[in-house]
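Undergrad:
Protein chains in written order, with this note's numbering: chain Y, 1 to 152; chain X, 1 to 80.
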């Protein structure tokens, strides 16, 4: 059993994460990588600066991994989210996990990224080709006040 | 009593600071902390009911805050 999560300020080595979850008890390994895309909402992007409430982000990502392990029976998981200035194509998040069977592995992978999107206290500021930059989702009032359930 | 309010991303830009010490009296709640921050210069940009975490855990508006608590206002998250 190997469950590890981290918030990092260096490049993510997805091959290393794959090696971390390798086990002969697993028949299915799913790797999800989030990468910096060149266009967002029709604007040409030059890069993204990721920032976080670091201590809380560490705790939330670890909690998500624990919930994933308990819900889907995942025994091997490695996930990293990167902070700082990322260029186009660079990996901002890697979620690598394995299970004896593919159905649970796919479901578990989807669970982790959706929970990350919902509650990890991380923000991104996109830079655009015209020299401007802006916070992503800052105008998304739908999310405001919708506090994730409290956990002990 | 004093609590430390933490601000991030667009909220920190709005207030021009990422950390504010607030002196509160009585039995204050998360809502009181938010109201005090919204009354500061630039605080009008904060929503009435932002996401809040007290001591690293998401909290509701009615949760009491204690002296020394770290109360973080969480802008709409954009991880991944």
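Heads up, the beta-carbon is just placed ideally off N, CA and C, and yes, glycines get one too.
CB residue 69/X to CB residue 54/X, shorter than 8 Å?
TA: Residue numbering aside, residue 69/X sits at position 69 when the second chain is read from its first letter. Residue numbering aside, residue 54/X sits at position 54 when the second chain is read from its first letter. Yes, the Cβ-Cβ distance between residue 69/X and residue 54/X is below 8 Å.
Undergrad: For residue 128/Y and residue 95/Y, I'd like the C-alpha separation in whole angstroms.
TA: Here residue 128/Y corresponds to residue number 128 of the first chain, with the count starting at 1. Here residue 95/Y corresponds to residue number 95 of the first chain, with the count starting at 1. Going from the Cα of residue 128/Y to the Cα of residue 95/Y covers about 27 Å.
Undergrad: How far does the beta strand (DSSP E) with residue 84/Y in it reach, from first residue to last?
TA: Numbered from 1 along the first chain, position 84 holds the residue referred to as residue 84/Y. Taken as a continuous stretch (DSSP letters only), the beta strand (DSSP E) holding residue 84/Y covers 84-87.
Undergrad: Residue 163/X: buried (16+ other C-beta within 10 angstroms of its C-beta) or exposed?
TA: As shown, chain X starts at 1 and ends at 80. That puts residue 163/X outside it, with no answer to give.
Undergrad: Starting from residue 19/X, follow the beta strand (DSSP E) in both directions and report where the run begins and ends.
TA: For this step, residue 19/X is matched to residue 19 along the second chain. 19-23 is the span of the beta strand (DSSP E), which, as asked, contains residue 19/X.
Undergrad: I want to see whether chain Y comes within less than 8 Å of residue 79/X, judged by CB atoms only; does it?
TA: For the purposes of this step, residue 79/X is identified with residue 79 of the second chain, where counting begins at 1. Judged by the 8 Å Cβ criterion, residue 79/X is in contact with chain Y.
Undergrad: Check the DSSP bridge columns for residue 7/Y and list the partner residues they point to.
TA: Residue numbering aside, residue 7/Y sits at position 7 when the first chain is read from its first letter. Answer is 81/Y, bridged to residue 7/Y.
Undergrad: On a Cα-Cα basis, can you pick out the residue from 122/Y, 43/Y, 120/Y and 72/Y that is closest to residue 100/Y?
TA: The sequence position of residue 100/Y within the first chain is 100, counting from 1. Among 122/Y, 43/Y, 120/Y and 72/Y, the Cα nearest to that of residue 100/Y belongs to 72/Y.
Undergrad: Suppose you measure from the CA of residue 153/Y to the CA of residue 15/X; what does that come to, to the nearest Å?
TA: Because chain Y spans 1 through 152 in this model, residue 153/Y falls outside it and cannot be assessed.
Undergrad: Taking the straight line between their C-alpha atoms, what separation do you get for residue 24/X and residue 47/Y?
TA: Here the question's residue 24/X lines up with position 24 in the second chain. Here the question's residue 47/Y lines up with position 47 in the first chain. If I take the Cα positions, the gap works out to 41 Å.
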